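Quick note, the sequences are listed as chains F and L, same order.
Number 116 marks the last residue of the first sequence (our numbering); no jumps.
Number 111 marks the last residue of the second sequence (our numbering); no jumps.
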Amino acid sequence: GAVVSQHPSWVICKSGTSVKIECRSLDFQATTMFWYRQFPKQSLMLMATSNEGSKATYEQGVEKDKFLINHASLTLSTLTVTSAHPEDSSFYICSVDHGTGEGEQFFGPGTRLTVL
Amino acid sequence: GESVGLHLPTLSVQEGDNSIINCAYSNSASDYFIWYKQESGKGPQFIIDIRSNMDKRQGQRVTVLLNKTVKHLSLQIAATQPGDSAVYFCAEKRSRGKLIFGQGTELSVKP
């Protein structure tokens with residue numbers, strides 16, 4: 001399986017600032033990565049599909065201007081939460097898909113964002 | 001997003017007992033399903049998967065059952081151990097590789 005890392009593992013920021021979260025596929029070249037958000041005691045909600053070399057595809061209800069995704073290489077996707085507010089506080093998780101159409105996705109360890 | 005934002009149901013079992021965790025899915029066209037285990041503060045870990053042309057698949061101490069008629073999945077854990085305590089999610093794979101997660105169940109194993 002793929003090994004996926006995220007950085008930072010946790011971040012605290014002030015309201016109105018922007019925060020960048022990195023997702024790296026350490027042993028697999030990923031043309032597709034996914035970003036999820038998870039609130040406490042809730043399920044994972046898919047936010048967007050990150051496509052290497054092209055624009056991300058956002059799920060309905062997710063603001064693309066607020067959650068900027070860049071997938072500039074086959075091993076790195078970044079999620080930037082712009083002008084963060086307390087309601088953006090959440091656990092953000094990325095995953096890598098092998099792209100074969102089957103097989104599980106491999107998840108990163110998550111990033112805990114707290115906006116004060 | 002499509003995943004359900006409800007609070008997690010819980011299942012409490014005694015160590016050594018078998019656990020059964022249930023999940024309903026929504027899309028009858030989904031043809032691939034996965035069970036994940038998520039420990040507190042960590043990302044989901046793969047447990048077992050099943051394709052829609054099967055109704056049962058077994059792994060080490062785990063079995064997944066698929067009932068397409070009623071769009072229902074279950075995960076059976078044999079001889080549940082304290083290390084099995086976690087939140088368990090089913091997920092259905094949609095087009096372009098998207099995973100849609102179910103509600104999740106929090107499993108608590110009492111020693």
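Ideal Cβ positions, reconstructed from N, Cα and C, are used throughout, including at glycine.
Here the structure is a predicted model, which is why all the values come from computation and not from measurement.
Beta-bridge pairing of residue i - partner residues as DSSP gives them
| i | result |
| --- | --- |
| residue 111(F) | 92(F) |
| residue 25(L) | According to DSSP, residue 25(L) bridges with nothing at all. |
| residue 103(L) | None; residue 103(L) has no bridge partner. |
| residue 12(F) | 114(F) |
| residue 49(L) | 34(L) |
| residue 13(L) | 109(L) |
| residue 86(L) | 107(L) |
| residue 45(F) | 37(F) |
| residue 72(L) | 24(L), 67(L) |
Nearest candidate by alpha-carbon position, reference residue i, set the options
| i | options | result |
| --- | --- | --- |
| residue 70(F) | 50(F), 89(F), 27(F) | 50(F) |
| residue 51(L) | 111(L), 11(L), 90(L) | 90(L) |
| residue 94(F) | 29(F), 25(F), 14(F) | 25(F) |
| residue 98(L) | 73(F), 54(F), 32(F) | 32(F) |
| residue 69(L) | 33(L), 55(L), 96(L) | 55(L) |
| residue 96(L) | 2(F), 57(F), 108(F) | 57(F) |
| residue 53(L) | 60(L), 65(L), 35(L) | 65(L) |
| residue 106(F) | 20(L), 42(L), 12(L) | 42(L) |
| residue 67(L) | 38(L), 107(L), 28(L) | 28(L) |
| residue 107(L) | 100(L), 83(L), 101(L) | 83(L) |
Assigned exposure category for residue i - 16 Cβ within 10 Å defines buried
| i | result |
| --- | --- |
| residue 39(F) | exposed |
| residue 15(L) | exposed |
| residue 17(F) | exposed |
| residue 10(L) | exposed |
| residue 29(F) | exposed |
| residue 75(L) | buried |
| residue 41(F) | exposed |
Supposed contact pair residue j and residue i - C-beta distance, whole angstroms, cut 8 Å
| i | j | result |
| --- | --- | --- |
| residue 88(F) | residue 34(F) | About 18 Å; that fails the 8 Å criterion. |
| residue 114(F) | residue 12(F) | 5 Å |
| residue 26(L) | residue 94(L) | Actually they do not touch by this definition, with Cβ atoms about 10 Å apart. |
| residue 8(L) | residue 87(L) | 6 Å |
| residue 59(F) | residue 46(F) | 5 Å |
| residue 61(L) | residue 48(L) | Not really, about 10 Å apart at Cβ, beyond 8 Å. |
| residue 84(F) | residue 15(F) | 7 Å |
Using a Cβ-Cβ cutoff of 8 Å, what residues of the segment 41-67 of chain L are near chain F? List them in chain order. 41, 42, 43, 44, 45, 46, 49, 51
Beta carbons nearer than 7 Å to chain F: which residues of the segment 70-93 of chain L have them? Listed by position, the residues of the segment 70-93 of chain L near chain F (Cβ gap below 7 Å) are 89.
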